[in-house]
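Undergrad: Going by UniProt numbering, the sequence shown opens with residue 1, and the numbers climb by one from there. Virtual Cβ for every residue (Gly too), placed ideally from N, Cα, C. What follows is a single structure, and I will ask about it in a moment.
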Amino acid sequence: MLLSTMAEKELIQMEDGVRYGLLADTEMLFEPKSGRIYGFELKRRAGWLQGGRKSAGEAEYIPWEEIVLIGDDRILFRRTRPIHEGLFE
């Protein structure tokens with residue numbers, strides 16, 4: 001599947017159904033030499049997070065290994081991680 005085909009798919013976290021917008025609104029994180037995709041960086045979002053915590057707008061990403069399903073209209077994933085947490089391990 002081409003990345004351009006995936007761009008218009010909606011990102012949805014499976015556990016609580018939170019919508020994170022479209023894949024086109026993210027930045028792909030990858031190793032240029034090998035082409036390995038690490039994940040997709042989300043735009044910083046201020047506001048309320050799940051569990052009622054106030055977001056500090058910390059950058060986070062969807063790790064490739066957390067993606068569960070790429071469907072016709074949406075991409076389902078388990079969880080996000082802070083951008084500094086083990087990105088290139």
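With burial defined as no fewer than 16 other Cβ atoms inside 10 Å of the residue's Cβ, what is the status of Pro32: buried or exposed?
TA: Label assigned to Pro32: exposed.
Undergrad: Going by C-alpha to C-alpha distance, which of Trp64, Asp16, Leu69, Lys9 sits closest to Arg81?
TA: For the residues Trp64, Asp16, Leu69, Lys9, the minimum Cα distance to Arg81 belongs to Trp64.
Undergrad: Nearest to Ala59 by alpha carbon, out of Glu41, Ser34, Val18?
TA: Taking only the C-alpha atoms, the option nearest Ala59 is Glu41.
Undergrad: So what's Met1 in DSSP terms, helix, strand or just coil?
TA: Reduced to three states, the DSSP call for Met1 is coil.
Undergrad: Which residue marks the beginning of the beta strand (DSSP E) containing Ile75, and which one marks its end?
TA: That run of the beta strand (DSSP E) goes 74-77.
Undergrad: The beta strand (DSSP E) spanning Gly39 covers which residue range?
TA: Gly39 -> beta strand (DSSP E) spans 37-41.
Undergrad: Comparing C-alpha positions only, which one of Tyr38, Gly21, Val68, Leu3 sits nearest to His84?
TA: Per the Cα distances, Tyr38.
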